[in-house]
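Taking the working numbering, the leading residue of the sequence shown gets 11, the next gets one more, and so forth. Ideal Cβ placement from N, Cα and C applies to all residues, glycine included. None of these values were measured; they are calculated from a predicted model. First the structure, in the form of structure tokens, and then the observations on it.
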Amino acid sequence: MKKIGVLTSGGDAPGMNAAIRAVVRTAVYKGMQVYGIRRGFNGLINGEIDYMDVKSVGEILHRGGTILNTARSEQFKTEEGMKKAINVLKVFGIEGLVVIGGDGSFRGAYDLSQRGIPTVGIPGTIDNDIPCTELTIGFDTAVNTVLEAISKIRDTVASHERTNIIEVMGRHAGDIAIYTGLAGGAEGIIIPEMPLDIDNLCKRIIQGRHRGKTSSIIILAEGAGKAVELERIIEEKTGMETRATVLGYIQRGGCPTAADIILASRMGYHAVELLEKNIGNRVVCIRGNKIMDEDIKEALSMPRTFNKELYDLAQVLSI
Ligand code: ATP
Numbered sequence: 011m012k013k014i015g016v017l018t019s020g021g022d023a024p025g026m027n028a029a030i031r032a033v034v035r036t037a038v039y040k041g042m043q044v045y046g047i048r049r050g051f052n053g054l055i056n057g058e059i060d061y062m063d064v065k066s067v068g069e070i071l072h073r074g075g076t077i078l079n080t081a082r083s084e085q086f087k088t089e090e091g092m093k094k095a096i097n098v099l100k101v102f103g104i105e106g107l108v109v110i111g112g113d114g115s116f117r118g119a120y121d122l123s124q125r126g127i128p129t130v131g132i133p134g135t136i137d138n139d140i141p142c143t144e145l146t147i148g149f150d151t152a153v154n155t156v157l158e159a160i161s162k163i164r165d166t167v168a169s170h171e172r173t174n175i176i177e178v179m180g181r182h183a184g185d186i187a188i189y190t191g192l193a194g195g196a197e198g199i200i201i202p203e204m205p206l207d208i209d210n211l212c213k214r215i216i217q218g219r220h221r222g223k224t225s226s227i228i229i230l231a232e233g234a235g236k237a238v239e240l241e242r243i244i245e246e247k248t249g250m251e252t253r254a255t256v257l258g259y260i261q262r263g264g265c266p267t268a269a270d271i272i273l274a275s276r277m278g279y280h281a282v283e284l285l286e287k288n289i290g291n292r293v294v295c296i297r298g299n300k301i302m303d304e305d306i307k308e309a310l311s312m313p314r315t316f317n318k319e320l321y322d323l324a325q326v327l328s329i
């Protein structure tokens, strides 16, 4: 394979730029040409494609977001949209594609692979919700961003002797909540994977105060409820002043951590190695600190599990 393309799709995540850089530089190192496709599958359909060289990915390693921009494309899901996209790839002579995004983006990558364009997916999403990989690009940065916010919120919460419910991202996956809850010493973690026992949670908050705690932090994954609603319920049940904080999009931004940059660099390199061998229909993943790859269809059908061990540990340590 001599000409490949790279695009970012779905929600942006810190470290996507490091992955783009790794794809471009590995390809150039291996004597391949690389094209950057703007605005995800939308840009592919519209032919928003630029030639990329070693220089075009300079000075981006530390930048959050994605220099290629990202978008969601309904048109790409239609047979007509798919045909247009394939035609554009043919016109540019692009033989294989790297798609950096979440599971929705991998469905698109699967469709392209089935239609003769070898496509490799790289998991880039802060949610860490791709079952075939232990980590996704952007997750570690998001966890550190939330942790910083927790420590700031804790200062004010402790001063006022309040409870604060911090709503973090994670529609289907509680990973951000579990990791930040454990690392931030939260008194409670609420995730979509576990039923909420509100009475038990309130009992723990009250017990904490009785043994001298000045404040309580509860981390809530957005898929498990709304912080503003819980604020009212917890205040009523504990009789203690309670506030809600919704962190929102700050969790998506910022300079990626070293762990995310290294993960993105390793995954980008591996994706190009696969395309070099004409292998498509794979998702790059990391397991036991080893970079490997998985068939897209199988990756998409894997059941999602969550880190119950860390969740239980956080419960034990927050008594
Ligand atoms: P995130 O985890 O941040 O939500 P994602 O990749 O899962 O990222 P989606 O919006 O689900 O985000 O998907 C991104 C794009 O992938 C869609 O806008 C669409 O263009 C394409 N896509 C999603 N599902 C399919 C599908 N079934 N067939 C073809 N393309 C798809």
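For residue i, does the three-state DSSP call read helix, strand or coil?
i, result
"GLU241", "helix"
"THR173", "strand"
"CYS212", "helix"
"GLY25", "coil"
"LEU206", "coil"
"ALA196", "coil"
"MET62", "strand"
"ARG48", "coil"
"GLY112", "coil"
"SER252", "The amino acid at residue 252 is misidentified as Ser; the sequence shows Thr. THR252 falls in the strand class under three-state DSSP."
"GLY191", "helix"
"GLY218", "helix"
"GLY106", "strand"
If residue i sits next to residue j, beta carbons under 8 Å apart, how far is it from one beta carbon to the other, in whole angstroms?
i, j, result
"ILE136", "GLY148", "4 Å"
"ARG31", "LEU71", "6 Å"
"ILE175", "ILE244", "7 Å"
"VAL16", "VAL101", "Between VAL101 and VAL16 the Cβ distance is about 17 Å, and since that is not below 8 Å, they are no contact."
"VAL256", "GLU158", "Wrong, their Cβ atoms sit about 16 Å apart, outside the cutoff."
"THR76", "THR18", "4 Å"
"LYS13", "GLU286", "12 Å between Cβ atoms; not a contact."
"PRO266", "ALA28", "6 Å"
Hey, could you find the ends of the beta strand (DSSP E) residue i is sitting in?
i, result
"ARG73", "No beta strand (DSSP E) holds ARG73; DSSP gives it neither H nor E."
"SER226", "226-231"
"ARG297", "292-297"
"GLY184", "Here GLY184 belongs to no beta strand (DSSP E), and DSSP marks it neither H nor E."
"LYS13", "13-18"
On a CA-only basis, which of the options is nearest residue i? Give me that one, please.
i, options, result
"LEU230", "LEU211, ILE216, ARG219 and GLY222", "LEU211"
"THR315", "ARG297, ASP139 and ILE208", "ASP139"
"CYS295", "PRO141, HIS170, GLY15 and MET250", "PRO141"
"GLU84", "VAL109, ASN52 and ALA32", "ASN52"
"GLY126", "GLY106, GLU144 and HIS182", "GLY106"
"ARG117", "ARG219, ALA324, LEU327 and GLU308", "GLU308"
"HIS170", "PRO128, ALA269, VAL130 and THR252", "THR252"
"ASP305", "ASN299, GLY290, GLU319 and ALA28", "GLY290"
"MET143", "LEU192, VAL293 and ARG242", "A small correction: the amino acid at residue 143 is Thr; Met does not occupy that position in the sequence shown. Looking at the Cα atoms, VAL293 is the closest of the given residues."
"PRO202", "ALA28, HIS182 and THR190", "HIS182"
"GLY114", "ILE104, LYS87, ILE96 and GLN124", "LYS87"
"ILE110", "ARG221, GLY20 and ALA234", "GLY20"
"LYS318", "GLN217, ALA95, TYR189 and ILE301", "TYR189"
"SER328", "MET42, SER311, ARG214 and GLY298", "ARG214"
"SER66", "VAL238, VAL38 and LYS162", "VAL38"
"MET42", "ARG49, GLY50, ARG48 and VAL33", "VAL33"
"GLY50", "GLU69, MET26 and MET312", "MET26"
"ARG82", "ASP207, VAL64 and ARG48", "ARG48"
"ASP303", "GLN325, LYS162, ASP322 and MET277", "MET277"
Quick one: give me the first and last residue of the alpha helix (DSSP H) that residue i is part of.
i, result
"LYS94", "89-102"
(request) At 4 residues or longer, and completely inside the segment 118-156: list those alpha helix (DSSP H) runs for me, N to C. (result) Those alpha helix (DSSP H) runs which fall completely within the segment 118-156 and span 4+ residues do not exist here.
(request) Any chance you could list the beta strand (DSSP E) runs of at least 3 consecutive residues sitting entirely within the segment 254-327, in chain order? (result) The segment 254-327 contains these whole beta strand (DSSP E) runs: 292-297 and 300-305.
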